[in-house]
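One structure is given here, and the rest of the page talks about it.
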Amino acid sequence: MKPSLKVKIGSLELKNPVLTASGTFGYGLEYSQFIDLNLLGGIIIKGLSLKPKKGNPPPRIYETPCGMLNSIGLQNIGYEAFVKEKLPFLRKFNTKIVVNFFGENLDEYIEIANKLSKTDGVDALEMNISCPNKETKWRKMGTEPELLRKAVKEVRAVVNKTLIVKLTPQVTDIAYMAKIVEDEGADAVSLINTFPAMVVDIKTRSSVLGTLTGGLSGPAIRPIAVRATWEVCKAVKIPVIGIGGIVDYSDALQFLIVGAKAVAVGTANFINPYATVEIIEGIERFLIEEGINNINDIIGSINEKANNAYN
Amino acid sequence: MKPSLKVKIGSLELKNPVLTASGTFGYGLEYSQFIDLNLLGGIIIKGLSLKPKKGNPPPRIYETPCGMLNSIGLQNIGYEAFVKEKLPFLRKFNTKIVVNFFGENLDEYIEIANKLSKTDGVDALEMNISCPNKETKWRKMGTEPELLRKAVKEVRAVVNKTLIVKLTPQVTDIAYMAKIVEDEGADAVSLINTFPAMVVDIKTRSSVLGTLTGGLSGPAIRPIAVRATWEVCKAVKIPVIGIGGIVDYSDALQFLIVGAKAVAVGTANFINPYATVEIIEGIERFLIEEGINNINDIIGSINEKANNAYN
Amino acid sequence: MNKFTLSTIVENKALSSDVYLITVKLPFRIDAKPGQFCILRVNGRLDPLLGRPFSIFDLEGETVKFLYRIKGKGTKILSEMKENEKISFIGPLGKWYPYPEGNFLVVAGGIGIASVYYLIKKFPERAIVFYGVRLKNEIFFFEEIKKFAKEIYVSTEEGEFGYKGVITELFQNKAKNLDLPIYACGPMLMIKELKKIVNDRKCYVAVEERMACGVGACLGCVINTVNGLKRVCTDGAVFELRELIL
Amino acid sequence: MNKFTLSTIVENKALSSDVYLITVKLPFRIDAKPGQFCILRVNGRLDPLLGRPFSIFDLEGETVKFLYRIKGKGTKILSEMKENEKISFIGPLGKWYPYPEGNFLVVAGGIGIASVYYLIKKFPERAIVFYGVRLKNEIFFFEEIKKFAKEIYVSTEEGEFGYKGVITELFQNKAKNLDLPIYACGPMLMIKELKKIVNDRKCYVAVEERMACGVGACLGCVINTVNGLKRVCTDGAVFELRELIL
Ligand SMILES: Cc1cc2nc3c(=O)[nH]c(=O)nc-3n(C[C@H](O)[C@H](O)[C@H](O)COP(=O)(O)OP(=O)(O)OC[C@H]3O[C@@H](n4cnc5c(N)ncnc54)[C@H](O)[C@@H]3O)c2cc1C
Ligand SMILES: Cc1cc2nc3c(=O)[nH]c(=O)nc-3n(C[C@H](O)[C@H](O)[C@H](O)COP(=O)(O)OP(=O)(O)OC[C@H]3O[C@@H](n4cnc5c(N)ncnc54)[C@H](O)[C@@H]3O)c2cc1C
Ligand SMILES: Cc1cc2nc3c(=O)[nH]c(=O)nc-3n(C[C@H](O)[C@H](O)[C@H](O)COP(=O)(O)O)c2cc1C
Ligand SMILES: Cc1cc2nc3c(=O)[nH]c(=O)nc-3n(C[C@H](O)[C@H](O)[C@H](O)COP(=O)(O)O)c2cc1C
Ligand code: FES
Ligand code: FES
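Residue numbers (the working numbering), protein chains in the order written: chain U, 2 to 312; chain R, 2 to 312; chain C, -15 to 230; chain Z, -15 to 230.
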């Protein structure tokens, strides 16, 4: 018998716990030439704002040890174009569509959240509170507890779909931030976003990017992401989506074992367009090998007694 | 003509800007079989406490993508044994000896700082405020501004040697923490310490370490360390020692260019016992190639105008 | 249609101290046009993490050739790979050079020849090729190009072979007034010089930018154009020169 | 004296589907004793980052051999390396097996033979060897061991070759009462069984733990002993069995 891979994030039922991470899978279309999007638990769309956004000047990416920096700067086509040009295509697939969104200030957050909440075909919203590349007075929303509280409360008030809040790792106590998100009524949290980071070209003595800093993603940050996910899972009752450096099924399972209900795969799509599908297959195979019938039986099954036995 | 590599950290004159990072070079002895310790700018000794400390249960290390986790737990032989058994050997070399220290609480910090300050042969002190592996009421010293302020103030009062405070990256605004350290009279800051992180064995569903979490170090974290160092260098006037994932001379130069007066090399010693010496040679070669006579001319020379030209 | 597959190295041959020709075999035929590129990635390890883009140098059924220069880490590792080793392959990606109707001009600088060779070969006896290099021993496939091209002009910096000077000078001398479309690939300096010469004439250039996804999803490879930011991977790598802000 | 150097692979030969014998040549002679180990690291890339420890299987002047089993990423990559490739080398590290005065007993389980082979060879016709494996085709260097050893006893799980069962049973049957020092290396299960049998007799075992520095500096490789935590790399890898807390 095939094990059940179904998980629930708020009222959202996913056929399996594997999503694509925002910004790494474009508007879905780009990867439909490689994989059958119907196989995915869900697609988290590139960060969307009310108006189209130009993003940062090039160069925008740079490779780092087992990771990459990006300074895309949230370039996107804006709400209207998304709904008109991208959503109809996405709706042809039997998978959940989660729209990652942001604004330049809280009013814009509320406005786009409100619109997305009323948009047919959008299954859930992911609120990006990090925006490491953006400079506004609301820039600290992701790191200052009281700003976060206010932002989530007001966004929640206008959203009657599943609302996921995506956390930045750039805080001392991420579990505390997650609790605020939970208190203010979000349905789920996702984590982690990228780390602010920098690479200097020693010849030109300037940043290798068009901006000074970028966001670090990829396998390099995975151990930090697993730890953060574990801490958040212990602190909140709402579902958690684990993100950060997932390349194969065993990486994904680490996040599930520490308590994540689902995972999102980012940078790995770039190095292997089949990554998500291979991860889903790998998880299924693992469950079969371990004799587990339901994915939910492995979620949060971490053995917290110190592992003092070697081999 | 050979360029001058001399730099000053407080009243400490280093013959070159390359130190060994605490905990990764033992008590110096261990690497003296490979390299001539006289060549080093300085040696930062493994974290020392008043009494010997047993540290954490094994296993204590695990490899991660371009990095490693450790949960050594600050095992050390204690102040008395260090002074009797290790310091005399270290003093045979013409290099600066910096002792990294910590306590279980502030009183212990003050006590060992006081002792080290009065110990002949100790050139400078590095105060470890992070101790990610340790659980005490002072555990938050590295992340709570007011605890940090009090701790540095009181330690400063008893230390009349160069006092370096080592920062943890596990904060939102590391430059702010550095400013506190500066305000309270420290002579220098060093950064970054390791990131709390975790790897789960999916078969046993427990941590791969004897503890649940460990500290992530190595090239994986370098881009974060460079960014943090840059932010701190802009915020404070005291010298900054850059640490994190330095493997070769070009990595070291990134830290110097963003403003660090010196660097410390950690994990790289494990993969190449000659790493420090090769880095010193590489920096010298680079200065010659670039026609720079004094290392201080490259320190802080970062071009902060966005690099909008590609090749 | 782009494919992602494991390919097998058939040959990886040094043509000079830093230029190699790699031949890979795919499990199936692909259909690609001149100017398109592929992304090759060494498997099994996570450092280097990303694939590296290379122009399709030549193509026959399931066999694809790339001509590459060692620039950094990725190309160094690639150069050390041996026959029968596997390498992951995404391609063919990007836009191609619009097909010329009659004769056409080609301007290639250094390793830029990799991008236009297949074009020259595909339309035999129609290309008037300007090929500039620094040193004589950096001229690759001279005999082949001579065979496929209508005319070929070479420049070397010191005049060791052909014209002494840069290729844009030679191009200006010989072809300034020929009313033929131009296809160009080479270092930024050459493209900038070319821009001064050709003004508003039809000139297609293949440009380079760091890439992550190669399929238009990450928005990492954008460049500035008069029509705003464009993705090199899907809006290019071939652009009209007048569109580019250099 | 430990050295850090680049060594050159002379041969890297598969002895079975997952066990390999690698021979490396150093730029100079080294002097090492049975039970010591070295750390090998693939160069040029940062993943995998750390070196991997391997017992010295055999040694002659500047040529060192290691017998290894593919366990994970590092050993997999090692197994794919070819003749003439370079690999970084730190060694010889750690304590050695205290030299036996007369005859001695050896208990080896599986790949554990790698740690004791050189001991058997160094003291010819003095070792009484107990060598246990799961399957017959996992017995390596049987003829050589036979040549160097005084006696050799083999066990396989299903009795395909030699005794049917685990090697500690065979050891107990044959050697329980021999008053000779014991040298052992093998899986933890074997060591635990052995501990039950040998009680307080002189028994030296080589143990394993993950390592970073290999020279006692990082305190990463500690294990629990009756005398507190000890570093496998410098206090071991050879320990007296009675000292170990298993
Ligand atoms: C569409 C396209 C087609 C290309 N075709 C060819 C080809 O046929 N033959 C060939 O030799 N090269 C080609 N390149 C360039 C090639 O991709 C880079 O040289 C290669 O990625 C460098 O990788 P590396 O790891 O060796 O260098 P890195 O260590 O990553 O960097 C070394 C230097 O190379 C440059 N570089 C890195 N990545 C790129 C990139 N994507 N584009 C341009 N410069 C880069 C940077 O200036 C950097 O300083 C092409 C690039 C693109 C975008
Ligand atoms: C002193 C010493 C001598 C050794 N001699 C030999 C030898 O002669 N031949 C041989 O085949 N192996 C030997 N080993 C074990 C060998 O070092 C490991 O199998 C190897 O490091 C695994 O690397 P990997 O990257 O393939 O595995 P990884 O992918 O890192 O891990 C795979 C599994 O291997 C185990 N492992 C990883 N590192 C070690 C380690 N350092 N020690 C023990 N188990 C580990 C873990 O259980 C892990 O689950 C020795 C180990 C030590 C400490
Ligand atoms: C090129 C790129 C673009 C990204 N864009 C967004 C975005 O628009 N909104 C967002 O919340 N996260 C964005 N992210 C962050 C990812 O969704 C993810 O949180 C992060 O990359 C860590 O996961 P990974 O290591 O699997 O890539 C982006 C990441 C990358 C690499
Ligand atoms: C095995 C190990 C032990 C360490 N012990 C200490 C310590 O005792 N005190 C301290 O302040 N930092 C300690 N560190 C942190 C390093 O000094 C350094 O800040 C960190 O590893 C980042 O540098 P790297 O990436 O070059 O290793 C330790 C790091 C490692 C890997
Ligand atoms: S490389 Fe991702 S959009 Fe071009
Ligand atoms: S491996 Fe570092 S102390 Fe043993």
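Each residue gets a CB set at the ideal place from its N, CA and C atoms; glycine is no exception.
Please read all numbers here as calculations on a predicted model, not as lab measurements.
What is the DSSP secondary structure of residue i, counted as helix, strand or coil?
| i | result |
| --- | --- |
| S72/C | strand |
| S208/U | strand |
| N183/C | coil |
| D184/R | helix |
| N297/U | helix |
| P224/R | helix |
| L217/R | strand |
| K130/C | helix |
| D2/C | coil |
| F(-12)/C | strand |
| C234/R | helix |
| V199/Z | coil |
| A269/U | helix |
| S131/U | coil |
| T25/U | coil |
| D15/C | coil |
| G56/Z | coil |
| N312/U | Model confidence at N312/U stands at a pLDDT of 31, short of 50, so the residue's coordinates are unreliable and nothing is read from them. |
| E64/Z | coil |
| P89/R | helix |
With DSSP as the reference, identify every bridge partner of residue i, one or two as the case may be.
| i | result |
| --- | --- |
| P37/C | I23/C |
| N77/U | K54/U |
| G212/Z | T209/Z |
| R194/Z | Partner(s): none; R194/Z has no beta bridge. |
| M69/R | E64/R and S218/R |
| K49/Z | T7/Z and D42/Z |
| A92/C | Y115/C and C169/C |
| Y188/C | Y167/C and E224/C |
| S5/U | N295/U |
So residue i and residue j are in contact, right, with Cβ under 8 Å, and what is the actual spacing, rounded?
| i | j | result |
| --- | --- | --- |
| E253/R | I284/R | Per the sequence presented here, residue 253/R reads as Ala, with Glu not at that position. Correct: roughly 6 Å between the Cβ atoms. |
| I244/U | L192/U | 6 Å |
| P274/U | Y32/U | 6 Å |
| A189/U | G11/U | 6 Å |
| N(-14)/C | L77/C | 6 Å |
Between which two residues does the alpha helix (DSSP H) carrying residue i extend?
| i | result |
| --- | --- |
| S118/R | L107 to S118 |
| I303/U | That residue, I303/U, is in no alpha helix (DSSP H); it is neither H nor E in DSSP. |
| P146/R | P146 to V159 |
Locate the beta strand (DSSP E) running through residue i, then write down its first and last residues.
| i | result |
| --- | --- |
| L41/R | It is not in any beta strand (DSSP E) - L41/R carries neither H nor E in the DSSP assignment. |
| T163/U | T163 to K167 |
| T21/R | V19 to T21 |
| I112/C | A111 to V117 |
| I242/U | V241 to I244 |
| L15/R | L13 to L15 |
| I10/R | V8 to I10 |
| S191/U | A189 to L192 |
| I97/Z | First-last for I97/Z: I97 to K106, but that is the alpha helix (DSSP H), not the beta strand (DSSP E). |
>> Which residues end up in the neighbourhood of ligand 5 when you take C-beta atoms closer than 7 Å to any of its heavy atoms?
In response: Ordered along the chain, the selected set is M195/C, A196/C, C197/C, G198/C, V199/C, G200/C, A201/C, C202/C, L203/C, G204/C, C205/C, R215/C, V216/C, C217/C and T218/C.
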